[in-house]
Structures are given as structure tokens and as C-alpha cells.
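Worksheet for the structure shown next.
Protein chains: 2
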Amino acid sequence: MSKSNNVYKDAYNRCLRLLGETRSLPSEPELGTLLGVSRTTVRSILSRMEETGLIAWNKRAKTVLRDPSPDDFFPEEETDTLAEIIERSFMRRLLAGGAEAGMQINELELAREIGVGTTSVREFLIRFSRFGLIEKRRNSHWVLKGFTRAFALELTEIREMFELRSAAAFAALPQDSAVWADLDRLESEHRQLANEIAMRFNAFSELDERFHRLIHRASRNRFIVDFYDVIAMIFHYHYQWNKAQERERNEVAIGEHLAYIEALKSRDLGKVDAACRKHLKSARQTLLTSIPESRQSQKP
Amino acid sequence: MSKSNNVYKDAYNRCLRLLGETRSLPSEPELGTLLGVSRTTVRSILSRMEETGLIAWNKRAKTVLRDPSPDDFFPEEETDTLAEIIERSFMRRLLAGGAEAGMQINELELAREIGVGTTSVREFLIRFSRFGLIEKRRNSHWVLKGFTRAFALELTEIREMFELRSAAAFAALPQDSAVWADLDRLESEHRQLANEIAMRFNAFSELDERFHRLIHRASRNRFIVDFYDVIAMIFHYHYQWNKAQERERNEVAIGEHLAYIEALKSRDLGKVDAACRKHLKSARQTLLTSIPESRQSQKP
DNA sequence: ATAATGTCTTTTATCGTGAAAAAACATTTT
DNA sequence: AAAATGTTTTTTCACGATAAAAGACATTAT
Numbered sequence: 093m094s095k096s097n098n099v100y101k102d103a104y105n106r107c108l109r110l111l112g113e114t115r116s117l118p119s120e121p122e123l124g125t126l127l128g129v130s131r132t133t134v135r136s137i138l139s140r141m142e143e144t145g146l147i148a149w150n151k152r153a154k155t156v157l158r159d160p161s162p163d164d165f166f167p168e169e170e171t172d173t174l175a176e177i178i179e180r181s182f183m184r185r186l187l188a189g190g191a192e193a194g195m196q197i198n199e200l201e202l203a204r205e206i207g208v209g210t211t212s213v214r215e216f217l218i219r220f221s222r223f224g225l226i227e228k229r230r231n232s233h234w235v236l237k238g239f240t241r242a243f244a245l246e247l248t249e250i251r252e253m254f255e256l257r258s259a260a261a262f263a264a265l266p267q268d269s270a271v272w273a274d275l276d277r278l279e280s281e282h283r284q285l286a287n288e289i290a291m292r293f294n295a296f297s298e299l300d301e302r303f304h305r306l307i308h309r310a311s312r313n314r315f316i317v318d319f320y321d322v323i324a325m326i327f328h329y330h331y332q333w334n335k336a337q338e339r340e341r342n343e344v345a346i347g348e349h350l351a352y353i354e355a356l357k358s359r360d361l362g363k364v365d366a367a368c369r370k371h372l373k374s375a376r377q378t379l380l381t382s383i384p385e386s387r388q389s390q391k392p
Numbered sequence: 093m094s095k096s097n098n099v100y101k102d103a104y105n106r107c108l109r110l111l112g113e114t115r116s117l118p119s120e121p122e123l124g125t126l127l128g129v130s131r132t133t134v135r136s137i138l139s140r141m142e143e144t145g146l147i148a149w150n151k152r153a154k155t156v157l158r159d160p161s162p163d164d165f166f167p168e169e170e171t172d173t174l175a176e177i178i179e180r181s182f183m184r185r186l187l188a189g190g191a192e193a194g195m196q197i198n199e200l201e202l203a204r205e206i207g208v209g210t211t212s213v214r215e216f217l218i219r220f221s222r223f224g225l226i227e228k229r230r231n232s233h234w235v236l237k238g239f240t241r242a243f244a245l246e247l248t249e250i251r252e253m254f255e256l257r258s259a260a261a262f263a264a265l266p267q268d269s270a271v272w273a274d275l276d277r278l279e280s281e282h283r284q285l286a287n288e289i290a291m292r293f294n295a296f297s298e299l300d301e302r303f304h305r306l307i308h309r310a311s312r313n314r315f316i317v318d319f320y321d322v323i324a325m326i327f328h329y330h331y332q333w334n335k336a337q338e339r340e341r342n343e344v345a346i347g348e349h350l351a352y353i354e355a356l357k358s359r360d361l362g363k364v365d366a367a368c369r370k371h372l373k374s375a376r377q378t379l380l381t382s383i384p385e386s387r388q389s390q391k392p
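Here it is as C-alpha cells:
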């Protein structure tokens with residue numbers, strides 16, 4: 093088995109959802125851009141849909157014959173990228189405790205444990221290394237630096253530097269820039285979420301990322317924009333991991349975001365700076381309290 | 093051919109240089125740490141040295157029999173890492189012109205052209221991607237973003253942010269910190285180079301990197317320290333590439349460094365800030381003038 | 001003529017494999 | 001006993017091979 097067809101399976105599932113909405117499907121290239129895959133994959137999808145009697149397919153005519161049933165879908169776990177699988181496995185081990193700083197990381201062992209080739213693990217580790225949690229010893233193993241207090245402090249230091257600058261750049265953007273509409277949209281999403289906070293307070297994580305990415309993009313600096321990947325990654329796992337007072341935390345954060353949005357709209361740099369600082373301070377606090385104190389980080 | 097023995101060859105060459113200085117070699121583990129390789133490699137080296145009559149080897153006794161001659165050495169090009177070979181090839185293409193922004197990068201083609209496996213090229217590109225010059229399209233090719241004016245501006249923006257902060261942190265370091273001795277040593281190296289600038293004005297590049305890395309380290313922030321890799325990489329190729337007024341530029345830079353060092357030693361934050369800004373401004377200018385204007389970078 | 005479909009080619013993603021290098025273990029020497 | 005040498009096992013690094021996916025080219029339909 094040399095390569096899984098998860099791209100096909102994932103696109104197939106997404107295409108099934110499309111099926112419920114129309115009586116016939118668009119052209120192959122159109123479907124391709126819609127699903128974000130090549131026409132080759134689109135045709136594989138159509139072939140199978142024809143076989144399973146979901147559509148009748150004759151050249152341009154792709155008529156929907158029946159609504160998809162739950163077992164037309166490929167199982168969720170078969171649609172994951174190998175990289176995602178490896179990342180999840182790796183992060184589980186890392187956060188499940190017993191991952192002491194200084195510990196060695198063994199490519200071969202990881203690969204065997206996850207059941208994938210070493211190449212994929214190697215590539216993952218190289219990509220992952222930019223998050224600053226692991227480090228390579230030349231011609232030798234990787235070393236785990238650990239998800240320590242020091243890490244969180246270094247991360248947030250940069251984050252604050254970057255976001256303050258981005259927020260200032262945002263506020264200085266001309267009135268006719270498209271970002272103001274984006275900001276309005278995010279604002280109403282925040283208000284909506286604030287009302288429904290009881291039901292779906294875990295939807296905040298995703299909204300949070302969209303909001304901060306919008307601000308960082310105003311910096312028009314690829315290094316700042318890219319750095320948000322590090323933050324997003326940490327917060328992603330942080331949210332999954334630390335559920336203590338999640339609802340309260342999110343409620344507070346939504347409030348801070350709304351104030352922050354207000355400040356941005358006022359275009360008053362002083363207000364922006366204050367609102368941004370306030371939010372980042374509490375975000376840092378949240379992150380810090382979630383890190384087990386037990387193992388103090390020592391710097392040489 | 094599945095893996096070159098460049099580690100062995102490089103360590104062998106370095107060990108030959110050691111040979112000229114002593115009558116007998118130290119223990120295997122000692123040699124290992126000295127050369128930065130495992131004992132396995134040390135033993136391979138010793139075996140060959142015995143075969144070629146350089147040493148007599150009997151257990152602990154490793155007596156030097158003769159001085160190494162030039163053809164005892166492995167050729168320089170056989171001691172390079174694959175990663176280095178790929179990087180050089182890649183950068184040559186990138187800087188040799190004809191590398192328009194937006195151009196596709198083809199792993200297979202690169203691998204064939206350089207004469208290496210695709211895996212190594214892939215891994216190189218993943219590692220290289222953190223420099224912000226290339227970007228991956230999911231399940232597809234890489235895209236060259238180009239060594240443009242925009243890139244240089246984004247890079248220097250971060251650099252200035254990071255270095256100003258690091259310099260301030262540096263100046264605030266306690267008097268008994270080891271960095272002050274390092275700084276003194278660097279200062280005298282600068283003065284020495286200033287005198288000999290006529291002969292070895294290209295030695296500056298290496299000194300420059302050591303100086304700035306020392307300052308960045310004072311930030312005690314891995315993201316700041318790691319970011320210097322990006323700067324170092326760009327400047328490394330920049331120095332190789334742009335030889336115009338090299339001597340004058342370096343002379344100016346040495347002067348600025350000395351003023352910067354003076355400011356640091358004064359521990360006066362105002363002075364540090366001013367000296368740092370002044371130097372970074374001219375460094376940016378140097379970098380910018382070396383970028384061909386022809387193809388203006390467009391941001392969307 | 002444009003845009004779709006049908007077909008063929010190239011590239012990417014992933015694995016298993018084997019040599020180089022590291023690391024672990026066993027034995028000897030000081 | 002500590003530290004070296006001798007020996008064996010593991011891991012890393014890099015390759016070629018192969019299926020999935022993308023992309024290019026040829027043909028047909030509007």
C-alpha cells in the first residue's frame with residue numbers, strides 16, 4: 093500500500109453533500125475547483141456515483157437519481173491526510189504526559205507505532221520543527237524541548253509583538269478596504285455566538301482563529317502571517333486539551349474581541365493598542381494556567 | 093548508492109589536520125567528541141589511517157607514523173552533505189535569474205537535474221519553506237515567491253523588530269554575564285579586521301553573523317534566535333552574489349558595529365536603540381540595492 | 001471558437017530496502 | 001571501578017518503485 097486515496101474519499105464525501113442541493117451537477121472543471129481537486133479525481137468520483145446509482149452520467153448530463161444515504165459516505169477516518177494522522181498521534185503522546193523535556197524522539201519507533209513509513213514521519217518532524225517544540229541533532233535523533241512554561245512565554249512574547257503591530261496596521265487601512273466588511277461580518281458572528289454561548293461555546297475556537305488571522309494579515313508581512321500557524325497549532329491542541337472553565341473563558345474572550353473590534357473601527361490607535369493588549373494578556377494567562385507547573389523549565 | 097559516507101570523509105579530513113599536531117591520538121570516545129561523530133565513524137577513520145600507513149594502531153596506542161600529504165585528504169566536494177549540495181544547486185538557479193516569481197517548482201525535475209533522489213529534494217524544500225521564499229500547493233507543486241523587494245522589506249521589518257528588542261535585553265544583562273566577555277572578544281576581532289580590511293574584507297560576513305547572533309541570543313526567545321537563520325541564509329547568498337562595493341560596505345558596517353558595541357557597553361538604552369537602528373537601516377539599504385528592480389513585486 | 005469530455009503523461013505521496021552512522025552491549029585493559 | 005576497546009543492534013538517511021492525483025493533450029460537443 094503506497095498511497096491512500098484520502099483526497100478522493102474526502103472530495104467524494106463533500107460532493108455527496110452537494111448532491112442534496114441540486115438536481116444535476118456542473119461540468120467537470122467546475123466541480124474540480126468547487127471541491128479543490130483535479131479533474132482526474134472528479135471523474136473518479138463521478139464514476140463511483142454512477143456505479144452506486146446516485147447519478148446518471150452521460151457526458152455533460154449528470155442527473156441526480158437519489159438522495160445520498162448515510163452509508164454512501166466513506167468513513168470519516170479514511171478521509172484524513174497522513175500528515176494529520178501523524179500530527180494527531182504525535183500530539184497525543186506529547187500532551188498525554190510522560191513527555192519530559194530533553195526526551196529523544198525516535199523516527200523509526202514513531203513510524204512503527206503509528207503504522208506508517210519512516211519518510212512520512214521524517215517529513216512531519218521537519219515541518220513540525222518550526223513550531224519550536226523539537227530540535228534535530230545532526231545525523232542523529234530529534235530532541236523534545238517540551239511544552240513548557242518557557243515555551244508559552246516565548247510564543248506569547250512574539251505573538252504580542254506581531255499582533256500589536258498588525259492591529260495598528262489594520263486600523264490604518266483605508267476605509268474602502270475589504271477588511272472592514274470582513275470585520276463587520278466577524279462582529280456579527282461574535283454577537284450571535286454570544287447569544288448562543290450556552291449551546292455551542294466550543295465553536296469559539298474556530299471563530300477566534302479567523303478573527304486573529306484577519307488582523308495579522310493586515311501586517312502584509314509573510315513572517316507575521318505565517319507565525320500565526322504556530323499560535324493556531326498550539327491553541328488548537330490547547331482547546332482540545334484544557335476544558336476547564338471553557339465556557340467562562342470563551343465568554344470573556346468574546347467580550348474582549350468585541351471591544352477590540354470596536355477599537356479597530358474607531359481607528360484610534362490608542363484604543364486599539366489598549367484593547368489588543370488587554371485581550372492578549374488574558375489569552376496568555378489562559379494558556380499559562382493550562383501548563384502543568386510540575387516540571388519547571390530550566391534555561392542554561 | 094543509497095547514502096554517501098560524507099560524514100566519515102569530512103571527519104577523516106579533519107582528523108588528518110589533527111595528525112600534524114601530535115605524536116599520538118587520544119582515545120576513541122575522545123576523538124568522537126572532538127570530531128563530532130560517533131565512535132563507529134572514529135573507528136572507520138582509524139582503520140583507514142592504519143591501512144594508509146599514517147598511524148600504527150594497536151588498541152590504545154595510536155602512534156603517528158608520518159605527516160599527512162595532500163593526497164591523503166578526500167576531495168572537498170565529497171565531504172558535503174546532500175542537503176548542502178541541494179541547497180547550493182537550488183540557490184544557484186534561484187539567483188541566476190530567470191527565476192520569476194510565481195514559477196512552479198518541480199521536485200522530480202530538480203532531483204533529476206541535481207542527480208539525487210526525490211525524497212531528499214522534498215525534505216529540502218520543506219525545510220527551506222520556512223524562509224518564506226517558496227510555498228506549497230496542497231497535493232501539487234511548490235510555487236516560487238521570488239527574491240523580491242517585498243521579501244526583503246518583510247524580512248528586514250521583522251529583523252529590526254527582533255534586534256531592537258534583543259539589543260535592549262542585551263544591555264540589561266547583569267555585569268557578570270558571560271556575554272560581556274564575548275562582546276569584548278568580538279570587539280577586538282572587529283578592530284583587527286578594520287586594520288586588515290584591505291586583505292581580508294570578505295571575512296566580515298562570518299564575523300557579522302557571529303555578532304548579530306550573540307545579540308539575538310540575549311532575547312532568550314527561541315523564535316527570535318531561530319529567525320536569525322532566515323537572515324543568515326539570505327545574507328550568506330547575498331554576500332556571495334553582490335560584490336559591488338563590497339569593501340566599502342564592509343568598512344562602513346565595521347564602523348557601525350563598533351559604535352553599536354560601544355552603545356551596548358554603555359548600557360544606555362537610548363544609545364543602544366540609536367546605534368542599532370542606524371546599523372539596521374544601512375544593512376537594509378545594502379540588501380535592497382542588490383535586488384533587481386526589474387520585476388516589481390505585486391501584492392494582491 | 002469556446003468549453004466541455006475523453007485519453008495519455010507526468011508528478012506527487014508513500015512505502016520498503018539497504019548502506020552509513022549512531023548507539024547499546026559485552027569484554028578487556030589500566 | 002572506571003574507562004577504554006571490541007562487537008552487535010538500531011536508527012538515520014537516501015534511493016528506487018508504485019499507486020494516487022495532477023496536469024497536458026486530443027477530441028468532441030455546443
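These protein sequence lines are chains A and B, in that order. Everything in the first sequence is counted per the working numbering, starting at 93 for the first residue and increasing by one. Everything in the second sequence is counted per the working numbering, starting at 93 for the first residue and increasing by one. C-beta: ideal position from N, C-alpha, C; glycine also.
Asked                                                                                                                        : Found
Element boundaries [alpha helix (DSSP H), containing Leu306(B)]                                                              : Phe296 to Arg309
Reference Tyr331(B); option with closest CA among Leu157(B), Pro118(B) and Asp300(B)                                         : Asp300(B)
Residues near Gly145(B) by beta carbon distance below 8 Å, same chain, minus five either side                                : Leu157 and Arg158
Chain-ordered neighbours of Thr211(B) on chain A, where CB pairs are closer than 8 Å                                         : Thr211
Environment of Ser116(B) [buried if 16+ CB atoms lie within 10 Å]                                                            : exposed
Sufficient close CB pairs (3 or more, under 8 Å) joining the stretch 341–355 of chain A to the stretch 279–287 of chain B    : no
Environment of Ser161(A) [buried if 16+ CB atoms lie within 10 Å]                                                            : exposed
Cβ pair count under 8 Å reaching 3, the stretch 320–329 of chain A against the stretch 243–255 of chain B                    : no
Of the listed residues Arg180(A), Ile226(A), Ile206(A) and Tyr104(A), nearest to Glu192(A) (C-alpha basis)                   : Ile226(A)
Chain A contacts from the stretch 230–253 of chain B (Cβ-Cβ distance under 9 Å)                                              : Arg230, Asn231, Ser232, Lys237, Ala242, Phe243, Leu245, Glu246, Leu247, Glu249, Ile250 and Met253
Beta-carbon proximity list for Phe165(B), same chain, < 7 Å, skipping 5 on both sides                                        : Asn105 and Leu108
Which of helix, strand or coil DSSP assigns to Ser232(A)                                                                     : coil
Of the residues Leu356(A), Ala264(A), Gly347(A) and Leu379(A), the one placed nearest Lys335(A), counting alpha carbons only : Leu379(A)
For Thr155(B): DSSP bridge partner residues                                                                                  : Ser116(B) and Ala148(B)
Status (buried if at least 16 other CB within 10 Å, exposed otherwise) for Met291(B)                                         : exposed
Whole-number beta carbon distance between His304(B) and Ile346(B), since they are thought to touch under 8 Å                 : That belief does not hold up - the Cβ atoms of Ile346(B) and His304(B) are roughly 13 Å apart, past 8 Å.
Any chain B beta carbon closer than 9 Å to Ile197(A)                                                                         : no
Partner residues on chain A for Arg219(B), Cβ-Cβ distance less than 7 Å                                                      : Ile218
Buried versus exposed, by CB contacts within 10 Å (16 or more), Asn61(B)                                                     : Only positions 93 to 392 of chain B appear in the structure, and residue 61(B) is not among them; the question remains open.
Spatial distance of Ile316(A) from Ile323(A) (CA atoms)                                                                      : 11 Å
Proximal residues of chain A, C-beta to C-beta of Asn313(B) below 8 Å                                                        : Glu246, Glu249 and Ile250
Residue environment, Ala367(B), which counts as buried when at least 16 other CB atoms sit within 10 Å                       : buried
Whole-number beta carbon distance between Thr211(A) and Thr211(B), since they are thought to touch under 8 Å                 : 6 Å
Contact with chain A by Ile316(B), beta-carbon distance below 9 Å                                                            : yes
N- and C-terminal bounds of the alpha helix (DSSP H) containing Leu265(B)                                                    : First-last for Leu265(B): undefined, no H or E at that position.
Expected contact under 8 Å - CB spacing of Glu113(A) and Arg135(A) to nearest Å                                              : Not confirmed; about 21 Å, so no contact.
Simplified DSSP state of Ile383(B), which is helix, strand or coil                                                           : coil
C-alpha distance - Arg230(B) paired with Leu202(B), whole-angstrom precision                                                 : 19 Å
CB contact check: Val208(A) to chain B, cutoff 9 Å                                                                           : no
Short Cβ contact (9 Å threshold) for Arg241(A) with Leu372(A)                                                                : no
Enclosing alpha helix (DSSP H) for Met195(B) [first to last residue]                                                         : That residue, Met195(B), is in no alpha helix (DSSP H); it is neither H nor E in DSSP.
DSSP-derived helix/strand/coil call for Glu281(A)                                                                            : helix
Distance CB(Leu306(B))-CB(Asp268(B)) smaller than 9 Å                                                                        : no
Lys391(A) to Lys237(A) span [Cα, whole Å]                                                                                    : Its pLDDT being 40, under 50, Lys391(A) is placed unreliably in this model, and the coordinates cannot settle the point.
Contact under 9 Å by Cβ, Ala175(B) with Ala259(B)                                                                            : no
C-beta atoms of Ala264(B) and Arg359(B) nearer than 9 Å                                                                      : yes
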